[in-house]
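What follows is one structure encoded as structure tokens, with my remarks underneath.
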Amino acid sequence: MSYSEQEYYFDESRAAYLDDENSDGYKNHHEDKKKKCKGCVCDLLKNLHSGTKVDIFLKSSQEIKGLIFIRFNDKNCCASFVEQYAEHDGSIIVFDCEVIKGIKIKRDCSC
């Protein structure tokens, strides 16, 4: 439940927001943030460098190749990518990290 769906009152003595639905009447103000962006893919995207070339695999079994990672917003779990292939060259695509099942990171090296 987000803060906009229900009223909360900050109680400085307990450093918590008052919430009538909670059993003890209080809700930690960090609780909603902890619930967001769960999973190994989300954790990976939090630390992935901008400009990294990737292919992603969605939970719907769809594979999207030829993406360049731009950034990850951990407030809304959105990961932004640029498509690099000719027909979609330069298009920006945004995914919720929780719908991504896997990521293939492409190595750029002369190994």
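The number in this note's numbering is simply the position in the sequence shown, starting from 1, with 24 added. We treat Cβ as the ideally placed atom computed from N, Cα and C, and that holds for glycine. Since this is a predicted model, take the numbers as computed values, not measurements.
Could you tell me the alpha carbon to alpha carbon distance between residue i and residue j, rounded to whole angstroms?
| i | j | result |
| --- | --- | --- |
| T76 | I92 | 6 Å |
| E107 | L69 | 17 Å |
| V123 | L82 | 6 Å |
| F96 | D132 | 21 Å |
| D79 | G114 | 16 Å |
| V118 | K130 | 19 Å |
With DSSP as the reference, label residue i as helix, strand or coil.
| i | result |
| --- | --- |
| K51 | In this prediction, K51 scores a pLDDT of 46, lower than 50, which makes its location untrustworthy; no coordinate-derived value is stated. |
| D132 | coil |
| C102 | strand |
Could you spell out the range, first to last residue, of the beta strand (DSSP E) harbouring residue i?
| i | result |
| --- | --- |
| L72 | Careful: L72 lies outside any beta strand (DSSP E) and carries neither H nor E. |
How about residue i: is its Cβ closer than 7 Å to a heavy atom in the ligand ZN?
| i | result |
| --- | --- |
| D67 | Of ligands this structure carries none, so the ligand ZN is not represented either. |
Based on DSSP bridge pairs, tell me the residues matched to residue i.
| i | result |
| --- | --- |
| G126 | F81 |
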